[in-house]
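Comments concern the structure below.
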Amino acid sequence: MSLGGYRSPPAGPTSSSTQPTLVYQSASTAVYRLEDIGIKVLLAENPTEQQVLQLVHEQNVSSYLPPTCQKRHVIDVKGFKGDPAIHFTWVNGSTLAKWLHTARRRADVNITVRLRAAIAIVKTLADFHKAKVVYNNLSPDNIVLDTFDGSYIATFIDLSKAIILSNDTSNGGQVEKNAVEMDLHALGRILNALFDGERFDSNSSADESDDTSTEGEEHSYRRKRNKRQAQVEGFPTCLNAVISTLLLRKEGEETSEKYGNVKDVLSDLQVIATNPQIFLKALKVDDFTLHNRLNAPVDAFYGRQSEVSLLYHAFDSVNKHEGQPMVLSISGSPGTGKTFLVNQIRKPLQEANGYLIRGKFDRRARPDSIIFLALDDFFARLIDERRKNVQDLIQRIRHAVGPGCRVLMNSIPNLHRFMEGHLDDNSDGAVGSSASEHRWKYLLCKLVAAVSSKNEPLAIFFDDLQWADETSLEVIRMIITEPDI
Numbered sequence: 068m069s070l071g072g073y074r075s076p077p078a079g080p081t082s083s084s085t086q087p088t089l090v091y092q093s094a095s096t097a098v099y100r101l102e103d104i105g106i107k108v109l110l111a112e113n114p115t116e117q118q119v120l121q122l123v124h125e126q127n128v129s130s131y132l133p134p135t136c137q138k139r140h141v142i143d144v145k146g147f148k149g150d151p152a153i154h155f156t157w158v159n160g161s162t163l164a165k166w167l168h169t170a171r172r173r174a175d176v177n178i179t180v181r182l183r184a185a186i187a188i189v190k191t192l193a194d195f196h197k198a199k200v201v202y203n204n205l206s207p208d209n210i211v212l213d214t215f216d217g218s219y220i221a222t223f224i225d226l227s228k229a230i231i232l233s234n235d236t237s238n239g240g241q242v243e244k245n246a247v248e249m250d251l252h253a254l255g256r257i258l259n260a261l262f263d264g265e266r267f268d269s270n271s272s273a274d275e276s277d278d279t280s281t282e283g284e285e286h287s288y289r290r291k292r293n294k295r296q297a298q299v300e301g302f303p304t305c306l307n308a309v310i311s312t313l314l315l316r317k318e319g320e321e322t323s324e325k326y327g328n329v330k331d332v333l334s335d336l337q338v339i340a341t342n343p344q345i346f347l348k349a350l351k352v353d354d355f356t357l358h359n360r361l362n363a364p365v366d367a368f369y370g371r372q373s374e375v376s377l378l379y380h381a382f383d384s385v386n387k388h389e390g391q392p393m394v395l396s397i398s399g400s401p402g403t404g405k406t407f408l409v410n411q412i413r414k415p416l417q418e419a420n421g422y423l424i425r426g427k428f429d430r431r432a433r434p435d436s437i438i439f440l441a442l443d444d445f446f447a448r449l450i451d452e453r454r455k456n457v458q459d460l461i462q463r464i465r466h467a468v469g470p471g472c473r474v475l476m477n478s479i480p481n482l483h484r485f486m487e488g489h490l491d492d493n494s495d496g497a498v499g500s501s502a503s504e505h506r507w508k509y510l511l512c513k514l515v516a517a518v519s520s521k522n523e524p525l526a527i528f529f530d531d532l533q534w535a536d537e538t539s540l541e542v543i544r545m546i547i548t549e550p551d552i
C-alpha cells in the first residue's frame, strides 16, 4: 500500500528541469534536486577542512557499502556554485518523520503496516552491519521509506556519521561492540516512535532518561532496574518486549536480555509478522482489572523529600540573591533517579517564568559538542513553545552577544532560526572560521548569561559530567565564576 506524505515527482524532460530545485535548507547545508540527481551543499562562508572531509567521508562510506545496501549513492564530491558539495542519486519516498506525521491521521495505518515499515528499517541496518559499517545517525529524518511489491524499502540517506569498522581485534572487539550497541539503542527509539507515535528524542538515553511526560503525550512510562517499558493499552506484549530490550543499555553489564546484533531483531520481527494471529493479538483488559488497578499519579515522586527540599531551597536562594549563581552536584549509580530528581525543578521554574538548559555527556560522543547540542535543543524548544516573552530574550542576546551570534550559529543552528530577522545584515559572521577557542568560549558564556534575567531565572543541568572534556569544564567554570557573566 502507499502512504501519503512527501513523494518526489518523477523527473520529466522539461525545460524547467535544467535548473536545480531547492528541496531543503538548514543553517549549515542545503539540498537541491536536478531530475534524478541530488546535491548536498555546505553553506558555510569559509568551510573548515573537517567539514569538507566529512563530504569525502560520505562518498567513501557510500562506495564501501555493497550495491545491495539501501543507502544514499554518492556519485562525486565537487563544487556547486562555488561551495563544496556532494552529488548523489536521488531517493524517492517519504522520510520516516513525514510518514509518521501522515500515519497519525490515517486509520488504515494499523500495527501490521507499521510492522512492515519496521522490518524494512531493521533489514537495512542489518545490511549495514553485515558490511561492517555502523550507521551512527538513526533518526526519522535520515530514513526514507518507499513502497515496493506490497512492502517497504528503507533507505538511509545521511552517511556523514557512519563508521567503517576495522578488523583490529587487539582490544577484544570492544570498540566494535560499543559501536553496534549505539545503533541498537537508536533502533529501539526509532521503533518506539514507529509503534507508539512518541516524539523521537535524539538526546534520550536508557542509562537515565527523562522520566517525566510532557502535556499531550499519549503514554506514560515506567522504569525499573534500568528498563523502560511502554504502558499502552492493547499493545502486543512481544513488540513491547523487543523495544524494551533494545532500549536496555548499561555500561559494563552483560545480560542475556540485551540484543547482541541486528540480525536477531530482524528475525524476531519477521517471526511476529509471519504469525500475526499469535503475536499481534491485542491484550484485552476486562472491567474487573480496569476498575481495580492502582491509579498512581503520573508525576508522583516518593522517598526523596529531603533532596527535593534542598533543590527548592537552592532555587529560592538564587532568586533572593538576584542572580548569584549556585552549583549543586548530584551523584549516584545509574537508574537511581538522579534525572527524575532534577526534573522536580521544572515546576518552580515554570512558576517563575524561567528556563531550563539540559545536556548529557557521553563518552562515545564528542564531549566538546554537548554544550552546543544542549543550547541547540533549548532554542528548538523555545521556537516550538512560542513563549510570549521571547522578544525580551532576543533583545538581551542582541545586546550581550551582538555579531558574535553568527560565530555560534554554525554550531547552534536553532539559534539562527530563533534570531532570524533580528540581526543586522552587515553583522560580521566570517570570524567563525578563525575565532580562537577563547573567543567562542567567551561568546558561549555571554549567550548563556543573556538567557537569564532577574525576572527569568535559568537552570542548567548536565548529566554524566564524568565524561566531560577539559574545554567543556572550562566553559562551565566560566559560567559559574566570571563576574560579568
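The opening position of the sequence shown corresponds to residue 68 in the working numbering, with each subsequent residue numbered one higher.
Beta carbons: idealized from backbone N, C-alpha and C, even for Gly.
Keep in mind it's a predicted model, so treat the numbers as computed, not measured.
Point to revise | Assumed close pair Pro355, Cys305 - CB separation to whole angstroms, cut-off 8 Å | key: The residue you call residue 355 lines up with position 288 of the sequence shown. The residue you call residue 305 lines up with position 238 of the sequence shown. Before going further, note that residue 355 is Phe rather than Pro in the sequence given. Between Cys305 and Phe355 the Cβ distance is about 25 Å, and since that is not below 8 Å, they are no contact.
Check your understanding: Can you round the beta-carbon distance between Ala185 and Leu261 to whole angstroms, since I take them to be within the 8 Å contact cut?
Key -> Here the question's residue 185 lines up with position 118 in the sequence shown. Here the question's residue 261 lines up with position 194 in the sequence shown. Sure, about 6 Å apart at Cβ, within 8 Å.
**Study point:** Burial state of Val125, where buried means 16 or more other Cβ atoms lie within 10 Å
**Key:** Residue 125 sits at position 58 when you count from the first residue of the sequence shown. The residue asked about is misnamed: residue 125 is Glu in this sequence, not Val. Result: buried.
Exercise for review: Leaving out five residues on either side along the sequence, give the residues of the same chain with a beta carbon under 7 Å from the beta carbon of His140.
Suggested key: As a working mapping, residue 140 is identified with position 73 in the sequence shown. Contacts found: Ser129, Phe155 and Thr156.
Exercise for review: For Arg66, collect the residues of the same chain with a Cβ closer than 7 Å to its Cβ; drop the 5 residues on either side in sequence, then sort them by chain order.
Suggested key: With the chain running from 68 to 552 in the structure shown, residue 66 is simply not present.
Point to revise | Among Val119, Phe529 and Thr169, the one whose alpha carbon lies nearest that of Arg425 | key: Locating residue 425 in the sequence shown gives position 358, counting from the first residue. Ranking Val119, Phe529 and Thr169 by Cα distance to Arg425 puts Phe529 first.
Review point. Cβ of Pro470 versus every heavy atom of the ligand MG: is any distance shorter than 6 Å?
Key: No copy of the ligand MG appears in this structure; indeed no ligand is present at all.
Exercise for review: State the DSSP-derived secondary structure class of Gly426, mapped to helix, strand or coil.
Suggested key: The count along the sequence shown starts at 1 and reaches residue 426 at position 359. Three-state DSSP puts Gly426 in a strand.
Review point. Are the Cβ atoms of Lys199 and Leu232 separated by less than 7 Å?
Key: For the purposes of this step, residue 199 is taken as the residue at position 132 of the sequence shown. For the purposes of this step, residue 232 is taken as the residue at position 165 of the sequence shown. Yes, they are a contact pair.
Review point. Per DSSP, Leu212 forms a beta bridge with which residues?
Key: Indexing the sequence shown from 1 puts residue 212 at position 145. For Leu212, which the question treats as bridged, DSSP gives the partners Ser161 and Ala221.
Review point. Is there at least one Cβ from chain B nearer than 7 Å to Phe407's Cβ?
Key: The structure shown contains no chain B; it is built from a single protein chain.
Point to revise | Nearest-angstrom Cα separation, counted from Phe446 out to Phe485 | key: As a first step, residue 485 is located in the sequence shown; it is residue number 418 there, counting from the start. As a first step, residue 446 is located in the sequence shown; it is residue number 379 there, counting from the start. If I take the Cα positions, the gap works out to 7 Å.
Exercise for review: Note down the Cα distance separating Arg290 from Lys414, rounded to an integer number of angstroms.
Suggested key: As a working mapping, residue 290 is identified with position 223 in the sequence shown. As a working mapping, residue 414 is identified with position 347 in the sequence shown. Unreliable placement is indicated for Arg290, whose pLDDT of 37 sits below 50; the coordinate value is still reported in the next sentence. Going from the Cα of Arg290 to the Cα of Lys414 covers about 22 Å.
Exercise for review: Quickly, what does DSSP pair Ser520 with across the bridge? List them, please.
Suggested key: For the purposes of this step, residue 520 is identified with residue 453 of the sequence shown, where counting begins at 1. Ser520 is bridged to Glu523.
Exercise for review: Can you tell me which of the three DSSP states Tyr131 falls into?
Suggested key: Residue mapping note: residue 131 aligns to position 64 of the sequence shown, counting from 1. Looking at Tyr131 - three-state DSSP - the assignment turns out to be helix.
**Study point:** Whole-angstrom distance between Arg371 and Ile397, CA atom to CA atom
**Key:** As a working note, residue 397 is residue 330 in the sequence shown. As a working note, residue 371 is residue 304 in the sequence shown. Distance between the alpha carbons of Ile397 and Arg371: 13 Å.
Exercise for review: Taking all protein chains shown into account, decide if Ala535 is buried (16 or more other Cβ within 10 angstroms of its Cβ) or exposed.
Suggested key: Counting from one through the sequence shown, the residue named residue 535 turns up at place 468. That one is buried.
Practice item. Determine the extent of the beta strand (DSSP E) in which Leu110 is found, giving its start and end residues. Key: Translated into positions along the sequence shown, residue 110 becomes position 43. No beta strand (DSSP E) contains Leu110, which DSSP labels as neither H nor E.
Check your understanding: Would you say Ser408 and Glu374 are within 7 Å of each other, going by their C-beta atoms?
Key -> Position 341 of the sequence shown, counted from the first residue, corresponds to residue 408. Position 307 of the sequence shown, counted from the first residue, corresponds to residue 374. Looking at the sequence itself, residue 408 is Leu, so the reference to Ser does not match. Yes, the Cβ-Cβ distance between Leu408 and Glu374 is below 7 Å.
Point to revise | CA-to-CA distance, Ala152 to Ala246, given in whole angstroms | key: If you number the sequence shown from 1, residue 246 lands on position 179. If you number the sequence shown from 1, residue 152 lands on position 85. Using only the alpha carbons, I get a separation of about 28 Å.
Review point. Between Met249 and Asn328, what straight-line distance do the alpha-carbon atoms span, to the nearest angstrom?
Key: As a position in the sequence shown, residue 249 is number 182, starting the count at 1. As a position in the sequence shown, residue 328 is number 261, starting the count at 1. For Met249 and Asn328, the distance between alpha carbons rounds to 11 Å.
Check your understanding: Which same chain residues, not among the five before or five after Ala193, have their C-beta less than 7 Å away from its C-beta?
Key -> Here residue 193 corresponds to residue number 126 of the sequence shown, with the count starting at 1. The residues are Val329, Lys330 and Leu333.
**Study point:** Terminal residues of the alpha helix (DSSP H) in which Tyr99 lies
**Key:** Within the sequence shown, the letter at position 32 stands for residue 99. Not the alpha helix (DSSP H): Tyr99 falls in the beta strand (DSSP E), residues Thr96 to Leu101.
Review point. For Arg473, which option in Arg506, Leu226, Asn410 and Leu395 has the closest C-alpha, if you only look at C-alpha atoms?
Key: Numbered from 1 along the sequence shown, position 406 holds the residue referred to as residue 473. The option with the nearest alpha carbon to Arg473 is Arg506.
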